[in-house]
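**Q** Per the numbering used here, the very first residue in the sequence shown carries number 14; after that it's consecutive.
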Amino acid sequence: MGGGLGHVCTAIARKHKNFRFMGQDLNTVVERGRAVVAEQAPDVTERIQFMEHSFWDPQTIAADVYFMRIVLHDWADNACFKNLEEYHPRNETELEDPDIGRTTSGGKVGASCGG
Ligand SMILES: C[S@@+](CC[C@H](N)C(=O)[O-])C[C@H]1O[C@@H](n2cnc3c(N)ncnc32)[C@H](O)[C@@H]1O
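(1) Looking only at its chain, what residues have a beta carbon closer than 7 Å to the beta carbon of Asn96, apart from the 5 residues adjacent to it on each side?
(2) Could you check how far apart the C-beta atoms of Leu18 and Arg45 are, in whole angstroms? I think they sit under 8 Å.
(3) Roughly how many whole angstroms lie between the Cα atoms of Arg60 and Asn31?
(4) So, using beta-carbon positions, are Gln62 and Arg33 closer together than 9 Å?
(5) Flag this pair as yes or no: are the beta carbons of Thr73 and His66 separated by less than 9 Å?
(6) Run through DSSP, which three-state label would Asp87 get?
(7) Confirm the yes/no value for this check: CB of Gln37, any heavy atom of ligand 1, distance under 8 Å.
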């Protein structure tokens, strides 16, 4: 959600060969993301799809994991909490931040994992 051009999906896909991804973002970003992944990550292209979706709208995809990274930090807390209300984690797990090079983060990031 707010997945940008798919860099994080690509990094995780390369590490976890059985994962499939739906990168959600706004219209023009999704179009560019498709092109970027096709050009830069042909090894994982078949497992990474994109769709136009605003994270302010109800979620239409049933997934095991919903992942947001660097997308809510510049929005008001009450808007974010309302947005996240529909995501009720049944389990908590941790994914290693793939550190795609645009961030200094090399730590652990939380992820909600259900099912
Ligand atoms: C700072 S980038 C982070 C991209 C990616 N998550 C990452 O970690 O590299 C924020 C992303 O949120 C997207 N975004 C902003 N508003 C959005 C919305 N309402 N619905 C979906 N995506 C949105 C932007 O287009 C952008 O790709």
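Every residue gets a Cβ at the ideal spot worked out from N, C-alpha and C, and that includes glycine. Since the model is a prediction, treat every value here as computed from it, not as a measurement.
**A** On the basis of the coordinates in this document:
(1) To locate residue 96, count along the sequence shown from 1; it is residue 83. Taken in chain order, the residues that qualify are Phe68, Trp69.
(2) Position 5 of the sequence shown, counted from the start, is the residue given in the question as residue 18. Position 32 of the sequence shown, counted from the start, is the residue given in the question as residue 45. Between Leu18 and Arg45 the beta-carbon gap is near 6 Å, inside 8 Å, which marks them as a contact.
(3) For the purposes of this step, residue 60 is identified with residue 47 of the sequence shown, where counting begins at 1. For the purposes of this step, residue 31 is identified with residue 18 of the sequence shown, where counting begins at 1. Near 9 Å, if we compare the C-alpha coordinates of Asn31 and Arg60.
(4) Residue numbering aside, residue 62 sits at position 49 when the sequence shown is read from its first letter. Residue numbering aside, residue 33 sits at position 20 when the sequence shown is read from its first letter. Contact: yes.
(5) In the sequence shown, counting from the first residue as 1, residue 73 sits at position 60. In the sequence shown, counting from the first residue as 1, residue 66 sits at position 53. Their beta carbons are under 9 Å apart, which means Thr73 touches His66 by this criterion.
(6) Taking the first residue of the sequence shown as 1, we reach residue 87 at position 74. Asp87 falls in the coil class under three-state DSSP.
(7) To locate residue 37, count along the sequence shown from 1; it is residue 24. Yes, the Cβ of Gln37 comes within 8 Å of a heavy atom of ligand 1.
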